[in-house]
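Heads up: the structure comes next, in structure tokens.
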Amino acid sequence: MKKGVVFLLFMIASGSASAQFYDKMFFVGWNVNTPLVNKEFVGKSSTRGARLGYREMIAEKFAIGVDITWATFDDYVPRQTYYTPTSALTTDFTNYANNYGVLLTGDYYFFTEKKVMPYVGLGAGVAYNSYKKYYNVYTDGDNSIGFLARPTAGVWFKFSERKNWGLNAGVHFDFSTARSKDLGYKNFMNAGFELGVVFLDW
Amino acid sequence: MRTVIFFVALFTLFACGTQPQLSEIVNDMVVLTNFDDKADFSQYATYALTMDTVGLISNTTNDDALSNDYSKMITAQIKKNLDQTGHTKVEKNQNPDIGVNVIIVSDLSVSQSVSYPGGYYYPSYYGYAGYYGYGGGYGYVSTSYFQQAILVIELVDLRGNSAEPPSVWVANIGDLVNSFDSSSETKQAIDQAFVQSEYLQR
Numbered sequence: 007m008k009k010g011v012v013f014l015l016f017m018i019a020s021g022s023a024s025a026q027f028y029d030k031m032f033f034v035g036w037n038v039n040t041p042l043v044n045k046e047f048v049g050k051s052s053t054r055g056a057r058l059g060y061r062e063m064i065a066e067k068f069a070i071g072v073d074i075t076w077a078t079f080d081d082y083v084p085r086q087t088y089y090t091p092t093s094a095l096t097t098d099f100t101n102y103a104n105n106y107g108v109l110l111t112g113d114y115y116f117f118t119e120k121k122v123m124p125y126v127g128l129g130a131g132v133a134y135n136s137y138k139k140y141y142n143v144y145t146d147g148d149n150s151i152g153f154l155a156r157p158t159a160g161v162w163f164k165f166s167e168r169k170n171w172g173l174n175a176g177v178h179f180d181f182s183t184a185r186s187k188d189l190g191y192k193n194f195m196n197a198g199f200e201l202g203v204v205f206l207d208w
Numbered sequence: 088m089r090t091v092i093f094f095v096a097l098f099t100l101f102a103c104g105t106q107p108q109l110s111e112i113v114n115d116m117v118v119l120t121n122f123d124d125k126a127d128f129s130q131y132a133t134y135a136l137t138m139d140t141v142g143l144i145s146n147t148t149n150d151d152a153l154s155n156d157y158s159k160m161i162t163a164q165i166k167k168n169l170d171q172t173g174h175t176k177v178e179k180n181q182n183p184d185i186g187v188n189v190i191i192v193s194d195l196s197v198s199q200s201v202s203y204p205g206g207y208y209y210p211s212y213y214g215y216a217g218y219y220g221y222g223g224g225y226g227y228v229s230t231s232y233f234q235q236a237i238l239v240i241e242l243v244d245l246r247g248n249s250a251e252p253p254s255v256w257v258a259n260i261g262d263l264v265n266s267f268d269s270s271s272e273t274k275q276a277i278d279q280a281f282v283q284s285e286y287l288q289r
């Protein structure tokens with residue numbers, strides 16, 4: 007499946023016009039994330055995540071733009087009984103955290119005329135996190151909005167100077183203040199890596 | 088532009104799987120029990136229970152009782168558990184200490200929406216092109232419904248001869264409709280309601 011998607015991306019990229027310079031970039035990436043807080047709720051790493059982004063160069067080595075991010079985490083809590091002084095509940099839970107973000111991001115490229123372009127970036131924006139517990143047909147949870155910060159570091163690979171597309175590999179860290187008191191979230195933090203395709207001067 | 092649309096579509100595709108499938112979460116029924124912490128359960132020796140028939144509250148039928156193999160199984164399982172906890176079944180006219188109410192509450196939710204997909208025209212064969220005045224597109228009504236039901240088992244204290252005897256223990260078990268093997272799971276859930284209520288043991 008993943009090979010098929012990559013092949014499809016290559017096919018589209020191959021049809022694009024080539025250019026040796028660029029000042030606009032558009033990219034999409036597949037994100038793998040690991041939650042770092044409240045692992046009782048969701049603790050597993052997730053392969054369900056993505057980032058869609060746009061950048062414009064505003065200086066020789068500096069670009070700003072917008073990122074849209076998404077990550078879904080889930081975990082299963084086996085059936086057990088929970089007691090309060092006057093009640094008891096027996097169930098299993100399937101927990102979900104769906105995290106969405108919109109960020110204004112600035113990237114610094116250490117050099118831009120090479121086939122390999124390392125960069126660091128920092129994004130700040132808004133997080134919308136949806137925390138849900140599913141048990142049988144019932145659902146509890148919170149939807150929460152907060153501040154989101156995403157520092158990133160990575161490398162863009164251009165296969166040749168003539169190509170107007172490349173691949174992106176990077177790591178990121180997400181911190182958001184989208185909290186849920188009931189489900190034990192003062193904030194949400196995750197780390198992850200990204201593999202993607204970037205179009206230069208698209 | 089086609090590239091952008093492709094990537095947005097790809098991102099949307101990535102964003103699938105943000106909640107579990109119903110079939111993944113209905114393996115076991117949820118069992119919730121509550122009790123009155125002022126009640127002295129050791130004082131209850133006898134109980135009255137109507138066998139084979141359970142009460143029914145439903146928004147799809149005017150029937151107020153259910154009498155079939157399922158209701159027989161339910162009342163038999165409740166009797167088995169009350170007997171095992173040291174209680175004795177007596178007739179209603181033999182001054183039982185507790186009465187057992189057994190009710191199924193069933194709810195059917197129905198929602199409808201009308202969709203008018205664009206760019207899809209009547210074939211001329213029908214001769215009514217554009218008849219509805221919204222560009223000739225087909226309109227269709229989609230109906231979605233969801234049914235769920237819970238089993239409520241209630242023990243009421245009959246010793247005070249009150250017109251409205253107080254409830255001292257309630258079990259809510261669900262969902263009866265969407266669980267895979269409703270009969271077998273209901274049995275297990277009734278047992279679990281008593282297992283997690285050790286104070287019922289005499």
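So the sequence lines, in the order shown, correspond to chains B and A. So the first sequence is residues 7 to 208, counted in the working numbering. So the second sequence is residues 88 to 289, counted in the working numbering. Glycine included, C-beta positions come from ideal geometry on N, C-alpha and C. Every value quoted in this text rests on a predicted model; they were computed, and no experiment measured them.
Using a Cβ-Cβ cut-off of 8 Å, B:P91 is close to D124 of chain A, given in chain order. For B:E200, the enclosing beta strand (DSSP E) begins and ends at F194 to L206.
Residue environment: B:P91 is assigned as exposed (fewer than 16 neighbouring CB atoms within 10 Å of its CB, all protein chains considered). Contact between B:N105 and B:A133 is confirmed by a C-beta separation of about 6 Å, below the 8 Å threshold. In the three-state DSSP reduction, B:L189 falls in the coil class, being neither helix nor strand.
For A:D278, the nearest beta carbon of chain B is not closer than 8 Å to its own beta carbon.
Within the same chain, N44 and R185 come within 6 Å of B:Y191 by CB-CB distance, once the 5 residues on both sides are set aside. Counting only runs of at least 4 residues, the region 14 to 88 of chain B fully encloses no alpha helix (DSSP H) element at all.
At least one beta carbon of chain A lies nearer than 8 Å to the beta carbon of B:D98.
Near chain A, meaning a CB-to-CB distance below 7 Å, the residues of the region 142 to 171 of chain B are N142, V143 and Y144. Interface criterion not met: the Cβ of B:T40 is under 8 Å from no Cβ in chain A. Chain order gives the chain A residues near B:Y140 as Q106, P107 and I112, where near means a beta carbon separation below 8 Å. Between A:E272 and A:M160 a beta carbon distance of about 11 Å is seen, past the 8 Å cut, so the two are scored as non-contacting. Three or more beta-carbon pairs drawn from the region 28 to 46 of chain B and the region 61 to 71 of chain B are found closer than 8 Å, and the two stretches are therefore classed as touching. Taking 9 Å as the cut-off between beta carbons, the residues of the region 242 to 265 of chain A near chain B are G261, D262, V264 and N265, in sequence order. Taking B:R54 as reference, the option from B:L201, B:D207 and B:F205 with the minimal CA-CA separation is B:L201. Excluding residues up to 5 positions away in sequence, Y232 lie with their Cβ nearer than 6 Å to the Cβ of A:V197 in the same chain. Minimum Cα-Cα distance from B:G172 among the listed residues B:P41, B:Q86, B:H178 and B:P124 corresponds to B:P124. For the region 100 to 122 of chain B, residues whose beta-carbon sits nearer than 9 Å to a beta-carbon of chain A comprise T100, Y102, N104 and Y106.
Residue pairing of B:P91 in beta bridges, as defined by DSSP: absent, with no partner found.
If you compare the alpha carbons of B:D98, B:K139 and B:F79 with that of B:F194, the shortest gap goes to B:F79.
For B:Y115, the closest of B:F163, B:Y144 and B:F99 by C-alpha to C-alpha distance is B:F163.
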